[in-house]
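Peer 1: This is the structure I want to talk about, given as structure tokens.
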Amino acid sequence: MNATDVIAAYYEAFNAGQTDRMLELMHPDVEHHVNEGQIRKGREMFRAFNAHMSASYRETLTDMVIMAHPSGNRAAAEFVVNGTYLKTDEGLPPASGQTYILPAGAFFTLRDGLISRVTTYYNLADWMRQVGG
């Protein structure tokens, strides 16, 4: 698979709730740079992050645009997050099933045909306004 195919498969797995498939597309030494958070290193940290997110949020990504560098080792995606806030996340407003629509993007590095870095960005203040206001 080329870089665009890998990223498309990653997001198809995300939308299908197939977190194990997402992990298969990750390099064992993956670095996950979370918006407003710490860098998580390795597949197990990514697995734990996904479990937490699945418990607290239900999200589907739409309007996906994927771009890749011709070298195949870097890519980016822009999309819209359509979500429901299911369970209160520490330090955030109380969850009561609020819905949100949030533009977001991600940047990737690929190594050996697998995702070795993913950095996700979205406007946290916009999300807070939508769920906490």
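Quick note on UniProt numbering: the sequence shown kicks off at 1 and runs consecutively. Just so you know, even glycine gets a beta-carbon here, dropped at the ideal spot from N, CA and C.
#1: Less than 8 Å between the CB atoms is what I'm expecting for Tyr122 and Ala104, so what's the real figure, rounded?
#2: Go through its chain and collect everything with a Cβ distance to Thr60's Cβ below 6 Å, but skip five positions before and after it.
#3: Residue ranges of each alpha helix (DSSP H) run of no fewer than 4 residues wholly in the region 48-102, ordered along the chain?
#4: Does DSSP put Met26 in a helix, in a strand, or in coil?
#5: Say whether the region 42-53 touches the region 73-82, bearing in mind that this needs 3 or more beta-carbon pairs closer than 8 Å, one atom from each stretch.
#6: Please confirm if the region 53-69 is in contact with the region 33-40, defined as three or more CB-CB distances below 8 Å between the two stretches.
#7: Indicate whether Asn73 and Leu110 have their beta-carbon atoms separated by less than 7 Å.
#8: Once the 5 residues before and after Gly132 are set aside, which same chain residues still bring their CB inside 6 Å of it?
#9: Would you call the CB atoms of Ala9 and Leu25 closer than 7 Å?
#10: Would you kindly work out how many angstroms separate the C-alpha atoms of Ser54 and Glu12, rounded to a whole number?
Peer 2: The short version:
#1: 4 Å
#2: Asn15, Asn82
#3: none
#4: strand
#5: no
#6: no
#7: yes
#8: Pro93
#9: yes
#10: 16 Å
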